[in-house]
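Basically this note's numbering = 1-based index in the sequence shown + 7.
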Amino acid sequence: MLREFFLEKVNKTVKTLSGENRLGAMSVNDRFSLMPEIPKNPQFGDFAVNISSLSRFTKLPPAKTAELIAAEISCRDFDVNTAAGFINFKLKTPMLDSILKEVLEKKLDYAKNNTGNGEKVIIEYVSANPTGPFHIGH
């Protein structure tokens with residue numbers, strides 16, 4: 008839930024900046040995919056988005072691209088900083104309080120979603136041979 012929240016913040020900002028021609032050479036029509044993650048070093052924050060892949064569109068160094076995007080993201084519930092092409096987010100107490108309140112109110116229903124709209128889904132785990140090619144037989 009929080010990963011998607013921060014990813015959405017970054018995606019909206021990228022679309023806004025590229026639409027206003029304020030993100031280097033990036034166009035609003037450029038297709039990109041970003042992934043939120045938890046930094047290995049907690050000093051960087053609680054969540055991070057690696058935007059290095061956007062540099063091929065912006066024609067700017069990843070650090071500069073991150074700075075341009077981060078400068079447009081602001082909220083009183085979290086801090087934003089950049090490091091080496093990453094936009095890092097650090098939760099503040101008010102946001103943590105609201106999340107905890109929601110968890111306590113919803114109990115076991117917290118973080119449930121309706122993906123699939125009640126349809127049954129089969130999830131299979133594939134263990135492919137790492138030394139051989141992956142094929143339909145896996």
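Using N, Cα and C, we set each Cβ at its ideal position, and we do this for glycine too.
Cβ pair residue i, residue j closer than 8 Å
i, j, result
"F54", "I45", "yes"
"K16", "I106", "no"
"L24", "L75", "yes"
"M8", "A118", "yes"
"T72", "G31", "yes"
"L61", "V87", "no"
"G92", "I58", "yes"
"M33", "F64", "yes"
Same chain only: Cβ atoms within 7 Å of residue i, ignoring 5 sequence neighbours per side
i, result
"F13", "P43, F54, V56, F96"
"P68", "S62"
"K10", "It is Arg, not Lys, that sits at residue 10 in the sequence shown. Excluding sequence neighbours, R10 sits near P43, F54."
"V35", "K22, S25, G26"
"I94", "V17, A55, V56, I58, A73, I76, A77, V87"
Contact belief for residue i with residue j at Cβ below 8 Å, rounded distance in angstroms
i, j, result
"K99", "F85", "6 Å"
Boundaries (first-last residue) of the alpha helix (DSSP H) holding residue i
i, result
"I106", "100 to 113"
"F51", "Taken as a continuous stretch (DSSP letters only), F51 belongs to no alpha helix (DSSP H), as it is neither H nor E."
"D16", "In the sequence under discussion, the amino acid at residue 16 is Lys, which differs from the Asp named in the question. Run containing K16: 9 to 26, per the alpha helix (DSSP H) assignment."
"P69", "69 to 77"
"F64", "62 to 65"
N-terminal and C-terminal residue of the beta strand (DSSP E) that residue i is part of
i, result
"T89", "85 to 90"
6 Å CB neighbourhood of residue i in its chain, flanking five on each side removed
i, result
"T89", "A73, E74, A77"
Own chain residues within Cβ distance below 8 Å of residue i, not counting five before or after
i, result
"N18", "L41"
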